[in-house]
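Below is one structure; the comments refer to it alone.
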Amino acid sequence: MSGGSEVNRNETNRSEVIWIGNDHGGYELKNEFARYLGEHGYAVHDAGCSGTEIVRYPTYAVQVAREVSSGRIRRAILICSTGIGMSIVANRFAGVRASLCTSTYLARMTREHNDSNILCLGGRVTGVLEALDILETWLHTSYQGGRHDISLNLIRELDKETQAAGQADVPGLRGGRPQ
Ligand code: RB5
71 MSGGSEVNRN ETNRSEVIWI GNDHGGYELK NEFARYLGEH GYAVHDAGCS
121 GTEIVRYPTY AVQVAREVSS GRIRRAILIC STGIGMSIVA NRFAGVRASL
171 CTSTYLARMT REHNDSNILC LGGRVTGVLE ALDILETWLH TSYQGGRHDI
221 SLNLIRELDK ETQAAGQADV PGLRGGRPQ
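Just so it is clear: in the sequence shown, position 53 is 123 by my numbering, and no numbers are missing.
Below, the structure written as structure tokens:
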């Protein structure tokens, strides 16, 4: 893993259930992640899809992001071919801070500074070994708080504003009804 600040392995809750959603482009990497997480004592909730036949990434991003937005789960993983589509969809949900990471540096920074709660990856962009390093870094790095709370509070204000404006009518979505 790339250097920098300490990775806090005490952060891990070994009884935590980690949700993973993927499309066809993320299927193979999802399987690698599920194996890694299982071997490291996590329970995995596989939100699909379960093969390489073409599916639509928003279907899976919505299921997973809604769980994080509701607070029912603390953090989750979304994988498509590039990671871009998953992050676009997930970040429409209030309270979701989905981060597309292509390096351990980004994984560390997005935990420390953004308190990222959904890790997005590109199954056709990032190799398996690099992706596992990114996952490990993201799982074990703590949010730093302090000055970063100022930015996160600005995002929370934005969520409130768009929800108040009622720009959508889908539970959990930015602009949707509060759940
Ligand atoms: C599917 O081919 C691809 O568009 C999808 O996996 C994702 O990369 C979209 O952003």
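Built from N, CA and C at the ideal position, the CB exists for glycine as well.
Ranked by Cα distance from TYR130, the first of MET179, LYS100 and HIS110 is LYS100. Less than 8 Å divides the Cβ of ILE90 from the Cβ of ASP116.
Closest in C-alpha terms to LEU176, from the list THR207, GLY155 and VAL159, comes THR207.
The criterion of a C-beta distance shorter than 8 Å is satisfied by ARG167 and ASP185.
Bridge partners of HIS115 according to DSSP: TRP89. DSSP assignment within the stretch 112-198 yields the following whole alpha helix (DSSP H) runs of 4 residues or more, N-terminal first: 127-140, 154-160 and 174-184. Here the distance from the Cβ of THR152 to the nearest heavy atom of ligand 1 is below 7 Å.
Look at GLY95: its beta carbon is less than 7 Å from one of the heavy atoms in ligand 1. In this structure, DSSP gives THR211 a state outside helix and strand, which the three-state scheme calls coil. Between the beta-carbon of SER173 and that of THR180 there is about 11 Å, and that puts the pair past the 8 Å contact cut. Secondary structure of GLY216 (DSSP, three-state): coil. Residue side-chain check: TYR130 keeps its Cβ at 7 Å or more from all non-hydrogen atoms of ligand 1. With 16 or more other Cβ atoms from the protein chains shown falling within 10 Å of its own Cβ, VAL138 counts as buried. GLU200 and GLU86 have their C-alpha atoms spaced approximately 23 Å apart. For GLY91, the shortest separation between its Cβ and any heavy atom of ligand 1 does not lie below 7 Å.
DSSP places GLY96 in the helix class (H, G or I) of the three-state scheme. Contact between ARG145 and ASN187 holds, with the beta-carbon distance rounding to 5 Å and staying under 8 Å. Relative to ligand 1, the beta carbon of GLY121 is positioned no closer than 7 Å to any heavy atom.
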